[in-house]
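Presented below is the structure to which this report refers.
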């Protein structure tokens, strides 16, 4: 574990004392062999729907994501929608947020070609007009 | 806990069996009083630097975020940078990713006016040219 990751881990561990039942992600990850391989790989996807106001299409996309969540290399997932916050810097134009934690980049790469993922794209890609992805690793 | 949240929680709990030491976020959150109050509030901020290639400015921003992480209502945080992935849908133009989990919207609201947060903005806002925030709650 790199010095920066260890600091982040310890800080989150400290916060766990204040909030019940939070365990820092990958608390027992093995020491990293490559740079940044020791922190989680965070994959955050925002979807905009073709039919932006369609509750049915949003529900179909969410149902598709729930199926997709069974992809075996996903360590943790959160399906979200815009919160009721509204400031200039906030982009709340998207319909659905899909936040994934992977153990490392290799697991994320495997997810990209997982048949469950390919099936999701086949079944659901007609629903969205735009997708933006932010992939991040430890600094 | 709503039906959807419970499903997400159970799914993540299942995944925890495969990946050591992951506990789903807020596993023991009390039943929600209001809609969507029972899942985490996810606040994901992306920063672009004025001096996009300055390692010093990036390090200053990261140092500022580490100080900011002590804000007491933050349940969990991850400081990131673009991963080495590169596809059309991926935005890798940002410099630093700041992902926060709050127990609920109230905790996020408190964070916005926390003196530690205001101090961070005072000390670090000269470093960035653009900030985009995505706030999300359970669907």
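Residue numbers (UniProt numbering), protein chains in the order written: chain A, 1 to 139; chain B, 1 to 139.
Virtual Cβ for every residue (Gly too), placed ideally from N, Cα, C.
Remember, it's a predicted structure, so these values are computed and weren't measured experimentally.
Given residue i, which residues of its chain have a CB within under 6 Å of its CB, disregarding the five upstream and five downstream residues?
| i | result |
| --- | --- |
| residue 133/A | 45 |
| residue 84/A | none |
| residue 30/B | Reliability fails at residue 30/B, whose pLDDT of 34 lies under 50, so the model's placement of it is uncertain and the value that follows must be treated cautiously. Answer for residue 30/B: no residue qualifies. |
| residue 52/A | none |
| residue 50/B | 129 |
| residue 80/A | 97 |
| residue 107/A | 73 |
| residue 55/B | none |
Starting from residue i, trace the beta strand (DSSP E) both ways and give me its first and last residue.
| i | result |
| --- | --- |
| residue 61/B | Counting along the chain, residue 61/B falls outside any beta strand (DSSP E), though it belongs to the alpha helix (DSSP H) covering 55-68. |
| residue 94/A | First-last for residue 94/A: undefined, no H or E at that position. |
| residue 80/A | 76-82 |
| residue 45/B | 41-49 |
Suppose the cutoff is 7 Å on Cβ atoms and the five residues either side in sequence are ignored; what does the same chain contact list for residue i look like?
| i | result |
| --- | --- |
| residue 123/A | 64 |
| residue 78/A | 99 |
| residue 101/B | 25, 40, 42, 75 and 76 |
| residue 68/A | 116, 117 and 120 |
| residue 82/A | 92 and 94 |
| residue 70/B | 116 |
Under 9 Å between beta-carbons, which chain A residues line up against residue i? List them in chain order, please.
| i | result |
| --- | --- |
| residue 82/B | 134, 135, 136 and 137 |
| residue 104/B | Those do not exist, as residue 104/B stays about 10 Å from chain A at its closest Cβ, beyond 9 Å. |
Quick check on the DSSP output: the alpha helix (DSSP H) that includes residue i runs from which residue to which?
| i | result |
| --- | --- |
| residue 127/A | Looking at the DSSP string, residue 127/A is not in any alpha helix (DSSP H), and its letter there is neither H nor E. |
| residue 111/B | 105-112 |
Residues of chain A with CB under 7 Å from residue i, in chain order?
| i | result |
| --- | --- |
| residue 15/B | 74, 75 and 76 |
| residue 113/B | Those within 7 Å of residue 113/B in chain A number zero; the least Cβ separation is about 13 Å. |
| residue 85/B | 135 |
What does residue i reach in chain B if we use C-beta pairs closer than 7 Å?
| i | result |
| --- | --- |
| residue 46/A | 134 |
| residue 99/A | 42 |
Output, in chain order, the set of chain B residues within a Cβ distance shorter than 8 Å of residue i.
| i | result |
| --- | --- |
| residue 91/A | 132, 133 and 134 |
Out of the options, point me to the one whose CA is closest to residue i's CA.
| i | options | result |
| --- | --- | --- |
| residue 105/A | 60/A, 115/A, 40/A and 11/A | 40/A |
| residue 136/A | 59/B, 119/B and 91/B | 91/B |
| residue 126/B | 13/B, 57/B, 12/B and 8/B | 57/B |
| residue 116/A | 66/A, 11/A and 88/A | 66/A |
| residue 62/B | 81/A, 119/A, 8/A and 55/A | 8/A |
So, at 8 Å on beta carbons, what are the nonlocal neighbours of residue i in its own chain, with the 5 sequence-adjacent residues on each side left out?
| i | result |
| --- | --- |
| residue 131/A | 45, 46, 47 and 48 |
| residue 86/B | 92 |
| residue 60/A | 124 and 127 |
| residue 88/A | none |
Just the chain A side, please: which residues come within less than 8 Å of residue i by C-beta, in chain order?
| i | result |
| --- | --- |
| residue 12/B | 76 and 77 |
| residue 116/B | Under the 8 Å cutoff, chain A gives no residues; its nearest Cβ is about 13 Å from residue 116/B. |
Closer than 6 Å to a non-hydrogen atom of the ligand NAD - does that hold for the CB of residue i?
| i | result |
| --- | --- |
| residue 48/B | As presented, the structure is devoid of all ligands, the ligand NAD included, so that no description of it is given. |
What in chain B is Cβ-close to residue i, meaning under 9 Å?
| i | result |
| --- | --- |
| residue 69/A | 8, 11, 12 and 15 |
Would the region 65-84 of chain B and the region 110-119 of chain B be scored as touching if the rule is three or more Cβ pairs under 8 Å? The region 65-84 of chain B makes contact with the region 110-119 of chain B; the number of CB pairs closer than 8 Å reaches 3 or more.
Counting beta carbon pairs with one atom in the region 93-105 of chain A and one in the region 39-54 of chain A, are three or more of them shorter than 8 Å? As far as the Cβ criterion goes, the region 39-54 of chain A touches the region 93-105 of chain A, which means the pair count is three or higher.
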